[in-house]
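Protein chains in written order, with our numbering: chain E, 53 to 254; chain C, 53 to 254. Ideal placement from N, C-alpha and C gives every residue a C-beta, glycine not left out.
Number of protein chains: 2
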Amino acid sequence: MTTLKSENELPLRERKKVETRAAIHDAALRLVAENGVGHASVDAICSEAGVSSRTFFNYFPSKVSAIVGLSAFTVTDAQRQRFLERDGERWLVRDLCTLVGSVMDATARDGVDREAIRDLLGRRPELAPDVIRFAAELRHEIVALAEQRTTPARARLAVTLVMSAVDSALHRPLDAAYDDEFSTWLFEAVMTMQAIARESLD
Amino acid sequence: MTTLKSENELPLRERKKVETRAAIHDAALRLVAENGVGHASVDAICSEAGVSSRTFFNYFPSKVSAIVGLSAFTVTDAQRQRFLERDGERWLVRDLCTLVGSVMDATARDGVDREAIRDLLGRRPELAPDVIRFAAELRHEIVALAEQRTTPARARLAVTLVMSAVDSALHRPLDAAYDDEFSTWLFEAVMTMQAIARESLD
DNA sequence: CTAATTCCTGCAGAAAGTGCAAACTTTTAT
DNA sequence: ATAAAAGTTTGCACTTTCTGCAGGAATTAG
Chain E
53 MTTLKSENEL
63 PLRERKKVET
73 RAAIHDAALR
83 LVAENGVGHA
93 SVDAICSEAG
103 VSSRTFFNYF
113 PSKVSAIVGL
123 SAFTVTDAQR
133 QRFLERDGER
143 WLVRDLCTLV
153 GSVMDATARD
163 GVDREAIRDL
173 LGRRPELAPD
183 VIRFAAELRH
193 EIVALAEQRT
203 TPARARLAVT
213 LVMSAVDSAL
223 HRPLDAAYDD
233 EFSTWLFEAV
243 MTMQAIARES
253 LD
Chain C
53 MTTLKSENEL
63 PLRERKKVET
73 RAAIHDAALR
83 LVAENGVGHA
93 SVDAICSEAG
103 VSSRTFFNYF
113 PSKVSAIVGL
123 SAFTVTDAQR
133 QRFLERDGER
143 WLVRDLCTLV
153 GSVMDATARD
163 GVDREAIRDL
173 LGRRPELAPD
183 VIRFAAELRH
193 EIVALAEQRT
203 TPARARLAVT
213 LVMSAVDSAL
223 HRPLDAAYDD
233 EFSTWLFEAV
243 MTMQAIARES
253 LD
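As structure tokens, this is what we get:
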């Protein structure tokens, strides 16, 4: 079981929701690890989790989202506002790192386990395109934000830069030191990318 | 009609294949432009193209691939070999640009119309995640190649850098001058990214 | 013209995903 | 404590994408 927080204090109804959600996610993760993505049908996951297939789609909008344990990446209004406090290209990449970092930290707080996802991607690389597709939805939202601070083309480029670093995070273990400071790690990854680019260019 | 080349010279059978392929792609493009992605069902595309739905999937492995007009990005053996002639990180990014550029040029020669795709993405942004997912498959192949010249982490970073530039190409019109020299354009886009990164960093 | 390929098609069916209304459970109000 | 209200789960019917298989039609070769 992935859920360890807030054992009580929550009304019974909420607690049950958290539990079924975790049950579905855990079942999905387990079955995919065993049988591969293609052979883990929604029905199979459901009977493993003790839940009807209709309920499955009440909790997750798609099979992959259940496997990854994420219904959607979302940017909160507060995050959005904070990002727009500054204007223009200056600090753009840094601010994007902060923004994306806080989104990732939020999902982590909601029980999404980056390490589990990383392990899974190592064992089942077929999943990668789907996960990337998934991240593309967050990307889209963030590009829209970045476009309020610079030209569309530069916005896309900058966001891509940052999202690539996120991608790295899904493949490489982070130092424990960064566990709650994803944005710091992000920023360093972006600088590494730049270094590689400089070394290899021309 | 997208197909303008090799009017004859091809055996009749081959010519017909090219035609049905184009018919399906054009129908898909047209219907999606009119009704949106969700409302252009495979069946609708098929009757528009005058083809059975079973045939549809003989030509394209998925609905989006038909819309984009691409069955798969593939790296030829020659391209693979040329890329591996050099070893190590030096020139890595440049060689990746060459590799990816030649893959893109090949698809263009096969009738894939970057401009049509770009227009479509402008008009129907919902498609973007699917297209990205699509590109992720090519990405995977190229990462495997790059890993033969450097560490996995750096390979991923470098490939991401280059693929992001490809992404830009799907959003921005290229100067006509670059039409047959995609890799040159790619390389410049990568340098632009680096410039943005340098400006915005710290 | 005949025979061998190769291609198209329909059919049957798996699997993902959605809407709807009935049944059930928790919560709230009396 | 009990009944109404509110929220959840479920089954059912349905759409859509996509695959395997087998028969039939067209193309090509001999």
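Using 10 angstroms around the beta-carbon of residue i, count the other beta-carbons present and answer buried if the total reaches 16, otherwise exposed.
i, result
"S99 of chain E", "exposed"
"G88 of chain E", "exposed"
"S220 of chain C", "buried"
"T202 of chain C", "buried"
"L122 of chain E", "buried"
"H274 of chain E", "As shown, chain E starts at 53 and ends at 254. That puts residue 274 of chain E outside it, with no answer to give."
"L64 of chain C", "exposed"
"S104 of chain C", "exposed"
"A247 of chain E", "exposed"
"L83 of chain E", "buried"
"L209 of chain C", "buried"
Does residue i come within less than 9 Å of chain E when only Cβ atoms are used?
i, result
"L213 of chain C", "yes"
"R224 of chain C", "yes"
"L107 of chain C", "As written in the sequence, residue 107 of chain C is Thr, which differs from the Leu given in the question. Not an interface residue."
"S117 of chain C", "no"
"A124 of chain C", "no"
"S220 of chain C", "yes"
"R65 of chain C", "no"
"D165 of chain C", "no"
"S104 of chain C", "no"
"S114 of chain C", "no"
Determine whether the Cβ of residue i lies closer than 9 Å to any Cβ atom of chain C.
i, result
"E251 of chain E", "yes"
"T236 of chain E", "no"
"T72 of chain E", "no"
"F186 of chain E", "yes"
Below 7 Å between beta carbons is the criterion; list the residues of the region 188-210 of chain E that meet it against any residue of chain C, in chain order. Of all residues in the region 188-210 of chain E, only A188, E189, H192, A205, R206, R208, L209, A210 come within less than 7 Å of chain C when Cβ atoms are compared, listed by chain position.
Note down, in chain order, all residues in the region 167-180 of chain C with a beta-carbon under 8 Å from any beta-carbon belonging to chain E. Here the close residues are P177, A180.
Run through the region 150-205 of chain E for me and flag every whole alpha helix (DSSP H) of 4 or more residues, listed as ranges in chain order. Uninterrupted alpha helix (DSSP H) stretches at least 4 residues long and entirely within the region 150-205 of chain E occur at 166-175, 180-198, given in chain order.
Please identify, using Cβ separations under 8 Å, the residues of the region 128-161 of chain C that lie next to chain E, in order along the chain. If you check each beta-carbon in the region 128-161 of chain C against every beta-carbon of chain E, the ones closer than 8 Å belong to E141, R142, W143, L144, V145, R146.
My parser needs the alpha helix (DSSP H) runs of 4 or more residues fully inside the region 80-133 of chain C; what are they? Those alpha helix (DSSP H) runs which fall completely within the region 80-133 of chain C and span 4+ residues are 94-101, 105-111, 115-120.
Touching or not, the region 109-124 of chain C and the region 69-80 of chain C, by the rule of three or more beta carbon pairs under 8 Å? Using a C-beta cut-off of 8 Å, the region 109-124 of chain C makes contact with the region 69-80 of chain C, since at least three inter-stretch Cβ pairs fall below that distance.
Quick check: the region 173-182 of chain E against the region 215-226 of chain C, are there 3 or more CB pairs under 8 Å? Contact between the region 173-182 of chain E and the region 215-226 of chain C is absent, because fewer than three Cβ pairs lie under 8 Å.
Count the C-beta pairs between the region 187-201 of chain C and the region 159-175 of chain C that are closer than 8 Å, then say yes if the count reaches three, no if not. The answer is no - the region 159-175 of chain C does not touch the region 187-201 of chain C, with fewer than three Cβ pairs under 8 Å.
Taking contact to mean at least 3 C-beta pairs separated by less than 8 Å, is the region 141-150 of chain C in contact with the region 140-160 of chain E? The region 140-160 of chain E and the region 141-150 of chain C do not touch, with fewer than three beta-carbon pairs separated by less than 8 Å.
How do the region 205-215 of chain C and the region 114-126 of chain C stand: do at least 3 beta-carbon pairs fall below 8 Å, yes or no? Segment contact: the region 205-215 of chain C against the region 114-126 of chain C, fewer than three CB-CB distances shorter than 8 Å; contact not assigned.
Between the region 74-101 of chain C and chain E, which residues of the former have a C-beta closer than 7 Å to a C-beta of the latter? Residues: none.
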